[in-house]
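Protein chains in written order, with the numbering used here: chain A, 1 to 314; chain B, 1 to 620. Quick reminder that beta carbons are idealized off the backbone N, C-alpha and C, glycines included. All values derive from a computational prediction rather than experimental measurement. Following: one structure in structure tokens, then a few remarks.
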Amino acid sequence: MRVELRDLGKTYDGERWAVRGLTLTIPSGSIVGLIGPNGAGKSTTLRMLATVLAPSEGSIAFDGVTPGPDKTTLRRQIGFLGDGNPLYKHMSPAEYLRFFGQCFKLPPAELEPAIAEMLTTFDLTERRDTPSGALSKGMRQRLLIARCLLHGPRLLILDEPADGLDPRGRSELRAILARTRERGVTVLISSHILRELDDLCDQTVILQQGKLVVAGEVADIIERYEVRRFVYQLRLLTGGPAARELLARRRVLVEAEGVEDGCETLSIQVQGGEALMADILAELCAAGVRVVTVSRVRSRLEDVYNRISDDRVA
Amino acid sequence: MSRKLHAASLPFVARALRGGRKLRYSAVALLLALLSVMLGAWLALGDGPLEHELRVGFKLEHPRHAQELIRYKIFAADQQELRELRAAADRLSDDATLLAIAEGRFEPSGYAEHRVHERVTEALGLIAHDPALLHAVDPALHDEWEALRARHGLPQRPFTRGYVTWTNELLAEQLRTIITNDLRPEITLYRSPLTGTDALRVIGLVAGAMTMLLLMLFAPVIAGTQMAQEVHENTLQPLTGTALSARELVLGLSLGPAAVVALFAAPQIVLLLAAALAVGHVLPALGLLAACLAAGAFLTALAQLAGLALGRQRSPSMLAMALTGVLVPLTFAGALLALQLPARALGVLALLPQAAASHLLLESFIPAGTVMRADNFGPALLGDAMFAVLVNTAGMLCFAYLGLRALERRVGELAPSALSRGEALIGALVSALLITIANPWTESRHRDPGEFYLINLGIALVPFSLLLMLRVPQAETPTALRRVPVAALLAEFTVGVLALLAISAACMGPEQLHIFASPVALAYFAWTIAVAALLTIRVAALPMSLLAKIWAGLCVLALGVSFLHTAEWAHHPHSDASKILGFTIVSPLLGLIQAVMLVVIPVVLLRAIRHPATTAPRPD
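Have a look at this one:
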């Protein structure tokens with residue numbers, strides 16, 4: 001499902017705008033990450049996209065169509081996990097999924113197989129009859145995501161879905177989202193844990209103070225914001241002190257030091273491009289430093305986000 | 001339509017009865033039905049003092065002392081007392097002793113002899129009256145009486161100067177029993193005077209009362225609490241994002257709790273109808289079900305609106321307590337009113353659904369005119385009572401529909417106002433009609449027309465204000481951006497008031513509307529209506545701080561004072577002009593404060609509405 005946001009804005013009190021002037025196109029079948037600090041307007045944007053919150057201004061078109069007053073047909077194509085959506089504590093996962101399946105008017109013949117599939121996919125089969133209140137936080141979060149996918153939506157909107165998930169759960173979530181994308185489902189996901197998004201998302205949208213700061217493909221954004229930033233990791237067999245002395249002389253910033261597989265490692269930031277790095281490497285070798293490997297460290301989305309945030313603060 | 005209803009109800013009914021709940025609830029429902037049978041049978045046939053007291057309380061039986069008097073009996077508490085009383089009765093049964101008792105010369109000794117002596121004295125007191133009076137009413141009984149006197153050598157002349165109305169059936173029956181027993185009181189252990197048929201009636205009454213409680217008390221409390229819980233725990237939001245329309249969602253949220261209540265009520269309804277079929281009247285029983293369903297639907301919608309409005313700030317349990325605190329007294333007041341229904345208050349059946357349902361329950365098993373009903377409520381009033389009940393049921397159905405519409409708009413955020421202008425007007429007209437039927441105009445009843453139309457107006461301000469609250473734009477619009485059409489809402493409120501006045505004028509004649517004869521009364525009247533509307537808009541449109549709540553309380557007090565001034569000036573239109581500000585009579589300073597408040601209150605209310613505070617939270 002292709003989603004177009006045009007000059008979207010929302011105010012709750014008539015004075016301050018949670019989101020304003022948001023214009024964006026989300027291609028069909030892509031995973032789009034929405035990042036920004038608390039209060040940036042992520043949840044508000046997602047709720048408007050899920051049609052549960054009316055925009056104060058602007059419009060949203062789904063596959064080129066702006067929904068009318070009756071949104072029930074459209075909602076059958078959307079799966080929405082809001083921020084802080086609690087479960088009914090006394091309902092078991094199977095009961096919970098059945099309840100929402102019926103709310104999405106799934107035919108009985110499709111409902112039970114869909115429930116079984118979701119319970120299997122989200123590793124909840126063994127706990128299918130356990131009251132949700134007795135599930136771990138991670139299981140509850142998985143159940144909530146399962147609820148969003150139960151009716152086979154074409155647009156999946158997840159607000160902070162990784163909250164409460166352990167590393168394994170996050171890894172599973174990434175796998176699930178990848179599989180969901182393969183089925184042609186457009187996924188919108190917000191998270192403040194940026195590492196989850198940068199190699200998963202096709203596009204990233206950064207919001208700050210209710211406004212769009214940057215949007216585009218993750219690689220493009222990283223490329224755009226790290227043009228003048230060259231970070232390398234050196235693995236040294238011997239000659240660490242000499243290397244530090246030389247690097248200090250060449251005004252190279254050592255970002256991190258460590259040991260890896262018995263070799264000393266240095267993360268250095270070079271202010272001057274790859275030619276300068278080649279010179280420094282030659283000088284290190286000439287100074288008797290035994291360099292095992294030199295590899296460039298690409299920026300991550302987190303670095304870009306931090307840089308953008310710093311710029312805005314400045 | 002049925003497919004839509006099925007789609008709406010399926011998730012919520014299935015959720016309410018999921019797992020083993022259906023079985024468990026059914027088992028409890030059957031147990032409750034069994035309890036109703038046992039309670040009814042115990043209440044009807046139990047011989048203990050508690051059962052007796054309850055039967056007396058419910059007017060199913062006369063008090064023991066009255067029964068002893070009428071049936072010339074003495075009830076013994078146990079076998080020992082029975083023996084003692086019988087021995088005392090033997091001692092006091094010879095003619096000489098009877099004569100001594102009749103002449104006041106006999107001194108009883110001991111508890112048993114005292115009780116027998118008391119009963120015999122009462123009997124002798126009755127037969128001491130002039131038999132000539134009875135001769136005119138019942139010659140046969142008179143002859144038997146004369147024979148009794150002769151048999152026991154009692155004086156043939158009247159030996160008391162009292163006067164007895166022998167047309168009174170109870171007295172005649174009493175005398176007949178005394179003659180049959182030949183002046184010897186019947187000594188017996190106390191047994192319930194009710195028969196098996198009576199027991200069936202009482203079982204029907206208990207089942208009917210349970211049905212009423214379930215449909216008109218439990219259903220609204222459960223539905224309102226559940227709605228508050230959905231709002232409080234933010235579980236309503238995911239539901240609004242499903243494929244259910246707002247109407248389907250509201251129906252589902254109502255039908256879920258209704259399914260549980262229906263499960264509990266079903267055996268009670270079966271008992272009620274079976275008992276009505278066997279020993280009562282089926283039509284009132286069916287009417288009772290219709291009235292309970294209509295009122296239950298309205299009260300449920302009202303409770304859900306309360307849950308929706310207060311669920312975010314208040315805990316569901318608090319709302320449950322508040323709803324119970326309101327509905328329980330109303331239920332008991334309705335039942336008591338129906339039980340003691342005076343002819344003057346017949347109209348209350350049109351206004352109070354609990355009273356209407358209770359009346360139908362009584363009519364199902366204890367029809368009007370029987371000794372168990374209020375003395376002044378006979379079959380002659382039945383037609384009027386049934387009309388009031390019918391109007392009430394129709395009114396409740398109308399309000400239930402309006403409630404569902406309001407819920408639909410609030411839950412789905414379909415429109416800024418919960419009710420459309422037309423719907424609010426219909427609600428106001430129905431309220432006006434119900435209130436006019438509840439307090440109808442009769443010259444014999446109302447010494448002053450103000451007792452009719454001003455009292456009705458005072459009552460009507462409550463539903464009119466509730467309807468106005470549902471007309472105030474809310475929805476998702478931010479408080480600061482909300483534009484409240486004050487003039488239009490004031491006009492709508494005034495239309496409702498004018499409709500009530502028009503109905504009143506049609507009932508008693510327009511010349512009786514005295515408020516229009518006095519400019520002062522009219523001014524106070526206009527002030528009352530305007531401030532009532534402004535206050536309602538203020539409460540509904542803007543957040544209420546503690547200070548705002550105190551201010552609202554003060555405004556309500558001022559409204560009361562203004563309303564009293566309206567009534568006073570309508571009643572005495574030519575009063576002294578110095579009394580325009582009533583508080584001046586107490587103190588000039590208070591009069592001044594009153595004058596200031598008359599200006600300040602509407603101005604402050606209007607200002608608050610025109611410049612709303614921006615206190616809405618700002619979510620992420």
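Under 7 Å Cβ to Cβ from residue i, same chain only, skipping five residues before and after it: list those, please.
{"i": "T197(B)", "result": "V279"}
{"i": "R181(A)", "result": "G29, I31 and V187"}
{"i": "D620(B)", "result": "Reliability of the predicted coordinates at D620(B) is poor, the pLDDT of 41 falling under 50, and no value is obtained from them."}
{"i": "V313(A)", "result": "Low per-residue confidence applies at V313(A): pLDDT is 41, beneath 50, and the placement is therefore not dependable, though the value from the model is reported in the following sentence. Excluding sequence neighbours, V313(A) sits near nothing in its chain."}
{"i": "A259(B)", "result": "V13, A16 and L17"}
{"i": "L45(B)", "result": "S192, L194 and A199"}
{"i": "H152(B)", "result": "D95, L98 and L183"}
{"i": "V187(B)", "result": "Note that residue 187(B) is Ile in the sequence shown, not Val. Result list for I187(B): I74, A76, L82, L85, R86 and A89, in chain order."}
{"i": "E283(A)", "result": "L246"}
Using a Cβ-Cβ cut-off of 6 Å (strictly less than) and excluding sequence neighbours within five positions of residue i, which residues of its own chain qualify?
{"i": "E363(B)", "result": "P284"}
{"i": "G41(A)", "result": "A18, V19, L207 and G210"}
{"i": "L397(B)", "result": "A294"}
{"i": "I157(A)", "result": "L46, L49, A50, F80 and L188"}
{"i": "R55(B)", "result": "E61"}
{"i": "E408(B)", "result": "A246, R247 and V250"}
{"i": "L351(B)", "result": "L434 and A438"}
Which chain B residues are close to residue i, counting only those with a beta carbon under 8 Å from its beta carbon?
{"i": "R76(A)", "result": "A243"}
Short of 8 Å in beta carbon distance, which residues of its chain neighbour residue i, apart from the five on each side in sequence? Order them along the chain.
{"i": "I593(B)", "result": "F583"}
{"i": "L606(B)", "result": "V486 and L534"}
{"i": "L32(B)", "result": "M210, F264, P267 and Q268"}
{"i": "L513(B)", "result": "P449, Y453, L501, S504 and A505"}
{"i": "R618(B)", "result": "Confidence in R618(B) is poor, its pLDDT being 43 and thus under 50, which makes the residue's placement too unreliable to answer from."}
{"i": "L212(A)", "result": "G21, L22, T23, L24, V205 and I206"}
{"i": "W42(B)", "result": "E51"}
{"i": "L419(B)", "result": "L402, R405, A406, R409, G427, L467, L470 and R471"}
Would you say residue i lies against chain B (beta-carbon separation less than 7 Å)?
{"i": "C103(A)", "result": "yes"}
{"i": "E95(A)", "result": "yes"}
{"i": "P86(A)", "result": "yes"}
{"i": "G210(A)", "result": "no"}
{"i": "F99(A)", "result": "yes"}
Give the C-beta separation of residue i and residue j to the nearest angstrom, bearing in mind that I take them to be a contact with Cβ-Cβ under 8 Å.
{"i": "E217(A)", "j": "Q203(A)", "result": "6 Å"}
{"i": "A438(B)", "j": "G347(B)", "result": "4 Å"}
{"i": "A243(A)", "j": "V289(A)", "result": "5 Å"}
{"i": "H232(B)", "j": "G311(B)", "result": "5 Å"}
{"i": "R128(A)", "j": "L111(A)", "result": "About 14 Å; that fails the 8 Å criterion."}
{"i": "E122(B)", "j": "R91(B)", "result": "Their Cβ separation, rounded to whole angstroms, is 18 Å, which puts E122(B) and R91(B) out of contact at 8 Å."}
Compare the C-beta of residue i with all C-beta atoms of chain A and state if any pair is closer than 7 Å.
{"i": "Q594(B)", "result": "no"}
{"i": "E451(B)", "result": "no"}
{"i": "P11(B)", "result": "yes"}
{"i": "A7(B)", "result": "yes"}
{"i": "R681(B)", "result": "A question about residue 681(B) goes unanswered here, because the residues of chain B that appear run from 1 up to 620."}
{"i": "Q237(B)", "result": "yes"}
{"i": "R191(B)", "result": "no"}
{"i": "R21(B)", "result": "no"}
{"i": "R24(B)", "result": "no"}
{"i": "R538(B)", "result": "no"}
{"i": "R18(B)", "result": "yes"}
Along chain B, which residues have their Cβ under 9 Å away from the Cβ of residue i?
{"i": "D70(A)", "result": "S245"}
Name the chain A residues whose beta carbon is nearer than 9 Å to that of residue i?
{"i": "N638(B)", "result": "Since the first and last residues shown for chain B are 1 and 620, residue 638(B) lies out of range."}
{"i": "E53(B)", "result": "Correct list: empty, because the minimum Cβ distance to chain A is about 43 Å."}
By the criterion of Cβ-Cβ separation under 7 Å, what are the contact partners of residue i in chain A?
{"i": "T225(B)", "result": "Those within 7 Å of T225(B) in chain A number zero; the least Cβ separation is about 15 Å."}
{"i": "T240(B)", "result": "V52"}
{"i": "R344(B)", "result": "Those do not exist, as R344(B) stays about 51 Å from chain A at its closest Cβ, beyond 7 Å."}
Near-chain B residues of the stretch 28 to 55 of chain A (beta-carbon distance less than 9 Å), N- to C-terminal order | So the list reads N38, G39, A40, G41, K42, S43, T44, R47, A50, T51, V52, L53 and A54, given in the order they occur along the chain.
Taking a Cβ distance cut-off of 7 Å, strictly less, list which residues of the stretch 508 to 527 of chain B are near chain A, in chain order.
-> The residues in question: there are none.
When you check each C-beta in the stretch 405 to 430 of chain B against every C-beta of chain A, which residues fall closer than 8 Å?
-> Going along the stretch 405 to 430 of chain B in chain order, one finds E413 and L414 with a Cβ nearer than 8 Å to chain A.
The stretch 288 to 316 of chain B: positions lying closer than 8 Å to chain A by Cβ = Listed by position, the residues of the stretch 288 to 316 of chain B near chain A (Cβ gap below 8 Å) amount to none.
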